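Remarks on the structure that follows.
Protein chains: 2
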Amino acid sequence: MYPNLIRQIKRYVAIDDREVLVINKYIKLLNLKKKEDLLKEGQPCRAIYFVEKGCLRMFFIDKKSVEQITQFALDGWWIADYFSFIDNNPSEYYIQAIEKSEIISIDKLVLDDLLKELPQLERYFRIIMQKAVAASQLRIKLMTELTKEEFYLHFSTSFPEFVQRVPQYMIASYLGLTPEYVSELRKKNR
Amino acid sequence: MYPNLIRQIKRYVAIDDREVLVINKYIKLLNLKKKEDLLKEGQPCRAIYFVEKGCLRMFFIDKKSVEQITQFALDGWWIADYFSFIDNNPSEYYIQAIEKSEIISIDKLVLDDLLKELPQLERYFRIIMQKAVAASQLRIKLMTELTKEEFYLHFSTSFPEFVQRVPQYMIASYLGLTPEYVSELRKKNR
Chain D
1 MYPNLIRQIK
11 RYVAIDDREV
21 LVINKYIKLL
31 NLKKKEDLLK
41 EGQPCRAIYF
51 VEKGCLRMFF
61 IDKKSVEQIT
71 QFALDGWWIA
81 DYFSFIDNNP
91 SEYYIQAIEK
101 SEIISIDKLV
111 LDDLLKELPQ
121 LERYFRIIMQ
131 KAVAASQLRI
141 KLMTELTKEE
151 FYLHFSTSFP
161 EFVQRVPQYM
171 IASYLGLTPE
181 YVSELRKKNR
Chain S
1001 MYPNLIRQIK
1011 RYVAIDDREV
1021 LVINKYIKLL
1031 NLKKKEDLLK
1041 EGQPCRAIYF
1051 VEKGCLRMFF
1061 IDKKSVEQIT
1071 QFALDGWWIA
1081 DYFSFIDNNP
1091 SEYYIQAIEK
1101 SEIISIDKLV
1111 LDDLLKELPQ
1121 LERYFRIIMQ
1131 KAVAASQLRI
1141 KLMTELTKEE
1151 FYLHFSTSFP
1161 EFVQRVPQYM
1171 IASYLGLTPE
1181 YVSELRKKNR
């Protein structure tokens, strides 16, 4: 039913067919239209989301009312506002579909039940979270180390799929650049 | 033996005295002098580190040979270069004691064995990693959103202990400011 999620879990933990059915019982599939919101500012982030197929972006609206994208999630990635998810605080973020997407959602209380029934999934989520920490460490290093042009080149070389699927103005927002500057860089490095 | 670590684990997972002994069997205590390195650029990061007592900083050396601090860890925090830890790649970071510190180190293979013997610790590490992702998300948002002066004020208000314990030039490096500017801000906001 959810081949990408199940394949990813099996990469880290042994689960049999019966356990796959247990997982299916707990998770919820959401079909999002392009630009549909999964999370809005002011709501608590009650679930963690897995992109079975599609593409999401996470952003906040700054003091000048400008959308600032802090994360993307493509097929096979988890995304959530983890502070809000942990503490039930209202989120300062939006999570929105960039394209038509199939999203697996696991509510906080449901996740607790799932982990009680299949404790071996603690290991899967521990490894996934560890990878997310590694990715953030790299992101922070690149933000500190690289000029904006180098950051764009790094990003477009490391993630060519993004540059294909994600509108240019969103990549600009993620990298802290103006869309005009990204457009220039794109021409220059073609 | 390691009251901070054991107390933290017990906050999230039930462990009894026998299991505490198992944990003690697997972990290693390192007594670091001020400025002693736990990790050096070019070495793989073979362990994750818990600050039982003390203070660590993680930094890399940029193209201009300047130290850029990306993380601190005070009592009760875990720190590692997770990319290097996961993939065994040479690290681009240093992890160094800012003051005399007692550090608990768990080597990668030892962690695997510990988690096999006490699988309930998967849950503890999953929760700790989830909190680390939340902290990185906040860090990235603040780097995007705040002016450097606001970032300094946020940091010194949220973490007054750091401003007491960590030399001013290190806080400046972490915030991407010059030491002179931090000194000015400090006077201005006294």
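Respectively, the protein sequence lines represent chains D and S.
With this note's numbering applied, the first sequence covers 1 to 190.
With this note's numbering applied, the second sequence covers 1001 to 1190.
Note that CB positions come from ideal geometry on N, CA and C, so glycine has one too.
Since the structure is predicted, the reported quantities are computational estimates derived from the model, not experimental observations.
#1: Would you check if there are 3 or more beta carbon pairs closer than 8 Å linking the region 136-150 of chain D to the region 1140-1152 of chain S?
#2: For the alpha helix (DSSP H) holding THR1070 of chain S, just list the boundary residues, first then last.
#3: What's the C-alpha gap between LYS64 of chain D and PHE159 of chain D?
#4: Give the DSSP-derived three-state secondary structure of ALA135 of chain D in the structure shown.
#5: So, does the region 30-38 of chain D touch the region 142-151 of chain D, judging by three or more C-beta pairs under 8 Å?
#6: Would you please state the rounded distance, in angstroms, between the beta carbons of TYR26 of chain D and LEU114 of chain D? I believe it to be under 8 Å.
#7: If we count the other Cβ atoms within 10 Å of its Cβ and call it buried at 16 or more, is GLU150 of chain D buried or exposed?
#8: By DSSP, does LEU115 of chain D sit in helix, in strand, or in coil?
#9: So what does DSSP say about ASN1089 of chain S, is it helix, strand or coil?
#10: Between PHE1060 of chain S and THR1178 of chain S, what straight-line distance do the alpha-carbon atoms span, to the nearest angstrom?
#11: Could you tell me which chain D residues have their CB closer than 9 Å to the CB of ARG1139 of chain S, listed as they occur along the chain?
#12: By DSSP, does PHE80 of chain D sit in helix, in strand, or in coil?
#13: Does DSSP classify ALA47 of chain D as helix, strand or coil?
#14: With DSSP as the reference, label PHE1159 of chain S as helix, strand or coil.
#15: Taking ALA97 of chain D as part of the beta strand (DSSP E), name the residues at either end of that continuous run.
#16: Between which two residues does the beta strand (DSSP E) carrying ASN1189 of chain S extend?
#17: Below 9 Å on C-beta distance, what does PRO119 of chain D contact in chain S?
#18: Strictly under 8 Å for the Cβ-Cβ distance: is GLN130 of chain D near chain S by that measure?
#19: Just to confirm, are LEU29 of chain D and GLU102 of chain D a CB contact at a threshold of 8 Å?
#20: Determine, for GLU145 of chain D, whether the minimum Cβ-Cβ distance to residues of chain S falls below 8 Å.
#21: Rank D:TYR12, D:GLN96, D:PRO3 by C-alpha distance to the C-alpha of GLU67 of chain D and give the top, closest one.
#22: Quick one: which chain S residues come within Cβ less than 9 Å of GLN68 of chain D?
#23: Name the chain D residues that come within less than 7 Å of GLY1176 of chain S, Cβ to Cβ?
#24: In whole angstroms, what is the alpha-carbon distance linking ASN88 of chain D and ALA47 of chain D?
In this structure, then:
#1: yes
#2: By one-based count along the second sequence, residue 1070 of chain S stands at place 70. Where THR1070 of chain S is concerned, there is no enclosing alpha helix (DSSP H), although the beta strand (DSSP E) it sits in stretches over 1067-1074.
#3: Translated into positions along the first sequence, residue 64 of chain D becomes position 64. Translated into positions along the first sequence, residue 159 of chain D becomes position 159. Roughly 29 Å between the two C-alpha positions.
#4: Here residue 135 of chain D corresponds to residue number 135 of the first sequence, with the count starting at 1. Residue state, collapsed to three classes: helix.
#5: no
#6: As a working note, residue 26 of chain D is residue 26 in the first sequence. As a working note, residue 114 of chain D is residue 114 in the first sequence. The Cβ separation is near 4 Å, so the contact holds.
#7: Stepping through the first sequence from its first residue, residue 150 of chain D is reached at position 150. Counting Cβ neighbours within 10 Å, GLU150 of chain D comes out exposed, since fewer than 16 surround it.
#8: On the first sequence, residue 115 of chain D is found 115 positions in, with the first residue counted as 1. It is helical.
#9: Position 89 of the second sequence, counted from the first residue, corresponds to residue 1089 of chain S. Note: ASN1089 of chain S maps to coil in three-state DSSP.
#10: Stepping through the second sequence from its first residue, residue 1060 of chain S is reached at position 60. Stepping through the second sequence from its first residue, residue 1178 of chain S is reached at position 178. Cα-Cα distance, rounded: 17 Å.
#11: Taking the first residue of the second sequence as position 1, residue 1139 of chain S is located at position 139. Here the neighbours are SER136, ILE140.
#12: Against the first sequence, residue 80 of chain D aligns to sequence position 80. Reading the sequence as shown, one finds Ala at residue 80 of chain D and not Phe. Coil.
#13: Your numbering for residue 47 of chain D matches position 47 in the first sequence. In this structure, ALA47 of chain D counts as strand in the three-state DSSP scheme.
#14: Your numbering for residue 1159 of chain S matches position 159 in the second sequence. PHE1159 of chain S falls in the coil class under three-state DSSP.
#15: In the first sequence, counting from the first residue as 1, residue 97 of chain D sits at position 97. Start and end: 94-97.
#16: Within the second sequence, the letter at position 189 stands for residue 1189 of chain S. From DSSP, ASN1189 of chain S is part of no beta strand (DSSP E); its letter is neither H nor E.
#17: Taking the first sequence and counting its residues from 1, the one referred to as residue 119 of chain D is at position 119. PRO1119, GLN1120, GLU1122, ARG1123, listed in chain order.
#18: By 1-based counting over the first sequence, the position of residue 130 of chain D is 130. Yes, because at least one Cβ of chain S sits closer than 8 Å to the Cβ of GLN130 of chain D.
#19: Residue 29 of chain D sits at position 29 when you count from the first residue of the first sequence. Residue 102 of chain D sits at position 102 when you count from the first residue of the first sequence. Yes, the pair counts as a contact, with Cβ atoms nearer than the cut-off.
#20: Position 145 of the first sequence holds residue 145 of chain D. Cβ-Cβ to chain S under 8 Å: yes for GLU145 of chain D.
#21: For the purposes of this step, residue 67 of chain D is taken as the residue at position 67 of the first sequence. Among D:TYR12, D:GLN96, D:PRO3, the Cα nearest to that of GLU67 of chain D is on D:GLN96.
#22: What you label residue 68 of chain D is simply residue 68 of the first sequence in a count that begins at 1. Those are LYS1141, THR1144, GLU1145, listed as they occur along chain S.
#23: Counting from 1 along the second sequence, the entry for residue 1176 of chain S is found at position 176. Those are THR144, listed as they occur along chain D.
#24: Position 88 of the first sequence holds residue 88 of chain D. Position 47 of the first sequence holds residue 47 of chain D. Roughly 10 Å between the two C-alpha positions.
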